[in-house]
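Shown next as structure tokens:
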């Protein structure tokens, strides 16, 4: 399956779930497929989508948090899998869109293109619920679960534009979509 | 010297700031502070594997309505710089960093010296405000640091060197 297809399926089935999306083309594809206030588009800090989503899920147990991450980014922050396992949240689902390459920088191969299996890595890190899917149907089925799902996708990016809303706007509307009083009343 | 316990002074500052989410990578000098935090049911404490991961967790917790602090050694600042810039600065996310500053006067571990010397300069070049209180000043200083982080919506550092922790 194409990554854009996987992302579109997740967004369509997400309902009120909060989605934290990885830097680069994945965020652009999500923005083009299904922009919504409940999407947080990560524009920098490669590797941290899984951690941002975990922090959010820890403090908002009433909300489902879905992280759309990539193989290159997860390999950059492998320790996060141990922290995810340690906290064992039922409202947190990490979807690793594994295209076996750094898709946003010219499709250089990652270690998953050869011997590294991120589902096995997640299991060895202690994550109890781990799955691997290869079809849109499999991915939709996995959405009701928690833990880690590796979704095998083809290399290649969709022809989608840059995200044309500001970081300030992304985070402000994201927080307003689920915080009862918006960001500022609570924070300061 | 005063008889104020340095760990309790920092903890009191966290409490008066309303800090209710802490991510941490330990330092020997943070051990008693971490125990105080673990014993506090009002604070969610998440040990992390690397400091940069903690920057991500704290950002997510802030978006979720919490007041986050990251506890670490100054070596962890080096592990966090890109995230502090391209996550916290980019989106305007406040973060209180409580940093055990190793590699300064009195340090016995030679490996701590290079980062110890560079840490204040790294913070300054990143335009991250820094506070270096004595134990007597620590409660007010930590609270002030969070105030700056929340109003300026950026990371702020409280640097606590070896002298600070004497008597911990």
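Chains as they are written, first to last, in my numbering: chain A, 1 to 188; chain B, 189 to 356.
Heads up, the beta-carbon is just placed ideally off N, CA and C, and yes, glycines get one too.
Item                                                                                                                                                                                                                        : Value
Output needed in chain order: residues of the region 44 to 71 of chain A with a Cβ under 7 Å from some Cβ in chain B.                                                                                                       : 44, 45, 48, 51, 52, 53, 54, 55, 56, 58, 59, 60
May I ask you to report which of helix, strand or coil DSSP gives residue 340 of chain B?                                                                                                                                   : helix
In this structure, how does DSSP classify residue 226 of chain B when only helix, strand and coil are distinguished?                                                                                                        : helix
How would you label residue 88 of chain A, buried or exposed, when you count the other beta carbons within 10 angstroms and need 16 or more for buried?                                                                     : exposed
Enumerated in chain order, which unbroken segments of the beta strand (DSSP E) with a length of 3 residues or greater are wholly contained in the region 262 to 311 of chain B?                                             : 283 to 289
Residue 297 of chain B: buried (16+ other C-beta within 10 angstroms of its C-beta) or exposed?                                                                                                                             : exposed
Which residues in chain B have a C-beta closer than 9 Å to the C-beta of residue 84 of chain A? List them in chain order.                                                                                                   : Per Cβ cutoff of 9 Å: no residues; residue 84 of chain A is ~10 Å from chain B at best.
In chain B, which residues lie with their C-beta within 7 Å of the C-beta of residue 118 of chain A?                                                                                                                        : Near residue 118 of chain A there are no residues of chain B at all, since even the closest Cβ is about 16 Å away, more than 7 Å.
Chain A beta carbons: is any one of them nearer than 9 Å to that of residue 245 of chain B?                                                                                                                                 : yes
So residue 212 of chain B is in the beta strand (DSSP E); what residue range does that whole segment cover?                                                                                                                 : 209 to 212
What would DSSP say about residue 163 of chain A, mapped onto helix, strand or coil?                                                                                                                                        : coil
Please say whether residue 321 of chain B and residue 348 of chain B have beta carbons closer to each other than 9 Å?                                                                                                       : yes
Going by Cα to Cα distance, which pick from B/331, B/311, B/209, B/335 is closest to residue 60 of chain A?                                                                                                                 : B/209
What separation, rounded to the nearest whole angstrom, lies between the Cα atoms of residue 268 of chain B and residue 239 of chain B?                                                                                     : 6 Å
Which runs of the alpha helix (DSSP H) fall wholly inside the region 91 to 144 of chain A and span at least 4 residues, in chain order?                                                                                     : 118 to 125, 136 to 142
Whether or not the region 255 to 272 of chain B and the region 18 to 32 of chain A are in contact is what I'm after, with contact meaning three or more pairs of Cβ atoms, one per stretch, closer than 8 Å; do they touch? : no
May I ask you to list the residues that DSSP assigns as paired with residue 258 of chain B?                                                                                                                                 : B/211, B/285
Can the beta-carbon of residue 342 of chain B be found less than 9 Å from the beta-carbon of residue 282 of chain B?                                                                                                        : yes
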